[in-house]
Amino acid sequence: MSNPLSIHNPSDSGGDSKGNTPSAEQQKQMEAAYSQMKRRMAMEKLSSSIKHKIMVMSGKGGVGKSTVSTGLALALAKQGNKVGIMDIDITGPNVPKMLGLENHRLHVDEGRIHPAKGPSDVKVISMAFLLEAEDTPVVWRGPIKLGAIQQFIGDVEWGSLDYLIIDFPPGTSDEPLTVAQSLQNIDGIVIVTTPQEIALLDSRKSINFAKSLKMNVLGIVENMSGYSINGTASDTEGNLLSNTVVKVNGPGGKVHEVITDDQGKWGVSLDIFKTGGGEKASQDYSVPFLGRIPFDPGIVRSGDDGVHRIIAEPEGISAVAFTEVVKNLNEILNSNNDDSELEII
Ligand SMILES: Nc1ncnc2c1ncn2[C@@H]1O[C@H](COP(=O)(O)OP(=O)(O)OP(=O)(O)O)[C@@H](O)[C@H]1O
Ligand SMILES: [Mg+2]
Numbered sequence: 001m002s003n004p005l006s007i008h009n010p011s012d013s014g015g016d017s018k019g020n021t022p023s024a025e026q027q028k029q030m031e032a033a034y035s036q037m038k039r040r041m042a043m044e045k046l047s048s049s050i051k052h053k054i055m056v057m058s059g060k061g062g063v064g065k066s067t068v069s070t071g072l073a074l075a076l077a078k079q080g081n082k083v084g085i086m087d088i089d090i091t092g093p094n095v096p097k098m099l100g101l102e103n104h105r106l107h108v109d110e111g112r113i114h115p116a117k118g119p120s121d122v123k124v125i126s127m128a129f130l131l132e133a134e135d136t137p138v139v140w141r142g143p144i145k146l147g148a149i150q151q152f153i154g155d156v157e158w159g160s161l162d163y164l165i166i167d168f169p170p171g172t173s174d175e176p177l178t179v180a181q182s183l184q185n186i187d188g189i190v191i192v193t194t195p196q197e198i199a200l201l202d203s204r205k206s207i208n209f210a211k212s213l214k215m216n217v218l219g220i221v222e223n224m225s226g227y228s229i230n231g232t233a234s235d236t237e238g239n240l241l242s243n244t245v246v247k248v249n250g251p252g253g254k255v256h257e258v259i260t261d262d263q264g265k266w267g268v269s270l271d272i273f274k275t276g277g278g279e280k281a282s283q284d285y286s287v288p289f290l291g292r293i294p295f296d297p298g299i300v301r302s303g304d305d306g307v308h309r310i311i312a313e314p315e316g317i318s319a320v321a322f323t324e325v326v327k328n329l330n331e332i333l334n335s336n337n338d339d340s341e342l343e344i345i
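Shown next as structure tokens:
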């Protein structure tokens with residue numbers, strides 16, 4: 001489509017007969033205004049073409065936001081939903097790596113950016129797609145960064161989606177604010193914490209951020225909660241033992257009994273770290289608790305080899321945990337009433 005604001009210059013001399021021809025500078029400004037307007041219209045359209053928009057945040061870095069964002073996206077997609085994930089971590093984008101898309105390069109068609117397709121057809125957009133090499137540091141000043149975020153929102157051809165999960169860098173700075181101001185009808189934020197009590201403090205910052213923008217807190221996910229171990233039971237001849245009780249010695253001498261499945265597989269979550277920080281935070285601040293994701297060494301491995309734990313082991317303990325979080329999240333989304341006002345703490 002041609003730019004309707006671009007003005008045909010009737011003479012090569014740079015001016016029309018009345019001397020009203022815009023200068024090159026004016027022309028540039030008008031074109032910028034036109035792109036901005038187009039982008040704003042596209043952003044407005046997203047409010048109806050994307051059913052649920054969910055921001056994933058945490059006060060502290062490294063607690064598992066990207067792991068939870070990708071896990072939620074895949075768990076929702078596996079249930080038949082159309083899902084997109086937007087990796088807003090401009091300086092350290094790692095969602096593509098977790099979804100095996102690290103060599104993807106963006107496809108741009110008539111000024112529209114087409115997202116990559118990950119497992120279960122999850123649509124993915126990330127700054128990583130624009131980087132020459134994955135270890136290239138992105139050092140951007142505020143306004144450029146914010147412009148890029150708006151472009152991510154307005155210029156991407158998401159199509160219609162049931163869920164858009166937005167993964168942020170840690171903290172409550174410019175990025176979430178820009179998204180909150182650019183995208184309409186955001187359902188709310190999901191806060192990721194680790195189980196330690198320090199989680200209380202970190203969660204509080206994210207809760208206050210949401211409240212200051214009059215956004216809903218959809219709930220808290222406690223990540224790295226308990227230690228997940230899995231195994232396969234067999235007898236001395238190597239025959240798999242299905243539907244058999246396996247005893248696992250946990251910390252403090254506690255014995256856990258689990259029953260193997262049809263293939264002799266078993267999994268158990270052991271409380272080797274302190275747990276309950278996320279749940280306590282949700283009680284203290286009267287926000288929903290969405291559930292726990294165990295500490296699962298397989299998550300680290302799958303982050304490295306690009307096959308998400310949910311895909312690698314669809315019946316595994318982490319996949320089950322994500323399914324539970326998604327179930328709770330959907331209950332909140334369905335019953336969401338905006339008048340649950342919280343005090344700013
Ligand atoms: N439940 C888990 N069990 C085991 N390892 C995990 C779990 N969740 C996350 N990790 C690992 O912890 C590291 C940090 O996770 P992730 O990148 O998801 O955190 P983040 O909060 O997005 O980090 P950042 O603040 O840098 O964006 C990764 O190596 C990831 O594989
Ligand atoms: Mg991250």
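Residue 135 in our numbering sits at position 135 of the sequence shown; the count goes up by one each step and never skips.
Ideal Cβ positions, reconstructed from N, Cα and C, are used throughout, including at glycine.
All values derive from a computational prediction rather than experimental measurement.
For glutamate 257, the enclosing beta strand (DSSP E) stretches over residues 255 to 259.
As far as DSSP is concerned, isoleucine 88 takes part in no beta bridge.
Environment of ligand 2, chain-ordered: Lys65, Ser66, Asp89, Gly92, Asn94, Asp167, Pro169, taking every residue with Cβ within less than 7 Å of a heavy atom. Not one heavy atom of ligand 1 is found less than 7 Å from the C-beta of glycine 276. Not a single heavy atom of ligand 1 lies less than 7 Å from the C-beta of glycine 291. Pairwise C-beta distances place the segment 305 to 325 in contact with the segment 82 to 102, as three or more of them are shorter than 8 Å. Contact annotation: arginine 292 and glycine 188 have beta-carbon atoms that are not nearer than 8 Å. Serine 49 is not bridged by DSSP to any residue.
Take the alpha-carbon of glycine 267 and the one of glycine 316: they are about 7 Å apart. The criterion of a C-beta distance shorter than 8 Å is satisfied by serine 242 and glycine 264. The C-beta distance from proline 170 to phenylalanine 129 rounds to 22 Å, too long to fall under 8 Å, and the pair is not in contact. Taking 4 residues as the shortest admissible run, the segment 95 to 180 contains the following complete alpha helix (DSSP H) segments, listed from N- to C-terminal end: 95 to 98, 142 to 154. Per DSSP, serine 242 is not a residue of any alpha helix (DSSP H), being assigned neither H nor E.
Assignment of methionine 41 by DSSP, reduced to helix, strand and coil, places it in the helix class. Where glycine 267 is concerned, the enclosing beta strand (DSSP E) starts and stops at 265 to 270. In this structure, the beta-carbon distance from glycine 59 to lysine 214 does not fall below 8 Å. Contact check between the segment 26 to 35 and the segment 158 to 165: fewer than three CB pairs, one atom from each, fall below 8 Å, which does not count as touching.
If you check the CB distance, leucine 146 and threonine 178 come in under 8 Å.
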